[in-house]
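The structure appears right after this line, and notes come after that.
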Amino acid sequence: MGTCFIFAKQISHEQLLSLRLDDKNEVDAPLLLRSANELHLLQANHRTVVVLPTEVCSLHQLELPWLNERKARAAIPFALEEQLAQNVATLHFAFDRAHYQNHRYLVAVIDKQYLANLIHELGVLNLAFDMITLEWFALQAQEACVSQTSFLAYNETFQGALSLDLAKIYLAERSTELTFYVFQDSAADLSDLFFPSRIDSSFYGWVAQRLQHTKPINLCQGEFQQSKSQQSIRFWYFLSAALAGIWLISLLVVNAIHLYWLNKKNSRT
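Heads up: the sequence shown begins at 0 in numbering that gives the first Met the number 0, then just goes up one per residue.
Below is the structure:
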């Protein structure tokens with residue numbers, strides 16, 4: 000099954016940036032701004048992944064034994080509290096077993112209200128989705144890149160996003176440790192520091208093709224987990240809308256045929 004990617008830099012009632020990949024990881028619907036109605040058609044019979052800019056989250060390595068879900072949700076905020084400027088009660092913590100390595104959790108931390116607003120706006124637009132994740136998960140270990148807005152890095156000393164000014168300071172000391180990519184639409188190439196690998200595609204196209212074959216952390220977990228009943232409601236909503244459309248077309252066709260025969264009968268008399 001292919002995947003529809005929605006890049007939610009900003010949820011708008013007008014248009015959203017999106018593309019679609021087939022099951023061979025090839026683009027079968029190019030990167031474009033699309034309306035909600037166009038996205039409904041694009042995501043039919045496909046998985047849908049909503050991708051957020053990394054800047055809306057912070058990423059943290061936390062050394063703890065693996066805990067069950069309930070204990071982890073109690074322990075992780077407490078353990079990270081001193082590293083966070085915001086009250087932990089207002090923050091959402093996402094993690095999974097796939098990103099637990101060497102007795103360390105990788106934890107994505109995001110403002111609860113931001114995530115709640117995002118999910119609400121997607122609901123207003125009647126856009127179903129399978130997961131919400133971050134651009135950053137397109138990176139492999141010891142890789143870095145420049146998006147349209149920031150510098151993303153994944154190595155032992157740092158995971159997450161930096162402003163371009165901070166990136167220059169960071170790279171001055173660590174450029175030899177990283178495989179570094181820039182794209183056609185990168186905010187800057189930082190080539191004054193060293194020679195990056197240039198990829199002849201958009202940043203978002205590269206992210207989508209990477210995410211298609213990785214297991215990113217899904218931010219919709221814990222209190223934000225999308226239940227099967229919610230997914231079922233969305234499915235029946237779209238099915239009902241489709242059936243209503245078919246019924247309306249059938250009714251118009253029947254009426255048109257009926258009118259044709261009435262006109263033909265009247266013309267004979």
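Where a beta carbon is used, it is the ideal one built from N, C-alpha and C, also for glycine.
None of these values were measured; they are calculated from a predicted model.
query	result
Residue 27 in three-state terms, based on DSSP	strand
Opening and closing residue of the beta strand (DSSP E) in which residue 99 lies	Where residue 99 is concerned, there is no enclosing beta strand (DSSP E), given that its DSSP letter is neither H nor E.
Element boundaries [alpha helix (DSSP H), containing residue 37]	35-41
Residue 21 to residue 37 span [Cα, whole Å]	17 Å
Nearest-angstrom beta carbon gap, residue 143 and residue 177 [assumed within contact, 8 Å]	5 Å
Beta carbon of residue 128 nearer than 7 Å to that of residue 49	yes
Identity of the residues DSSP links to residue 204 by a beta bridge	According to DSSP, residue 204 bridges with nothing at all.
Residue burial classification, residue 64 (beta-carbon count within 10 angstroms, cutoff 16)	exposed
Residue closest to residue 131, alpha-carbon to alpha-carbon, out of 254, 214 and 39	214
Endpoints, the alpha helix (DSSP H) within which residue 112 is located	111-123
Neighbourhood of residue 207 by C-beta, 7 Å cutoff - its chain only, sequence neighbours within 5 removed	4, 18 and 20
8 Å contact criterion, which residue 160 and residue 54 should meet: CB distance rounded	5 Å
Endpoints, alpha helix (DSSP H) assigned at residue 216	That residue, residue 216, is in no alpha helix (DSSP H); it is neither H nor E in DSSP.
8 Å contact criterion, which residue 60 and residue 96 should meet: CB distance rounded	Between residue 96 and residue 60 the Cβ distance is about 15 Å, and since that is not below 8 Å, they are no contact.
Top-ranked residue by Cα proximity to residue 108, from 137, 219, 58 and 72	58
C-beta contact flag for residue 41 and residue 7 at 7 Å	no
First through last residue of the beta strand (DSSP E) which encompasses residue 163	Note, residue 163: premise wrong, no beta strand (DSSP E); alpha helix (DSSP H) at 163-173.
DSSP-derived helix/strand/coil call for residue 228	Caution applies to residue 228, whose pLDDT of 41 falls short of 50 and renders its modelled position unreliable; the model cannot decide the point.
Own chain, CB closer than 7 Å to residue 184, minus 5 neighbours either side, in chain order	147, 201 and 202
Cβ neighbours of residue 232 in the same chain (closer than 7 Å, five flanking residues each side left out)	Any answer about residue 232 is weak, because its pLDDT of 40 lies below 50 and its placement is not dependable; what the coordinates show is given next. Contacts found: none.
DSSP state of residue 105 mapped onto helix, strand, coil	strand
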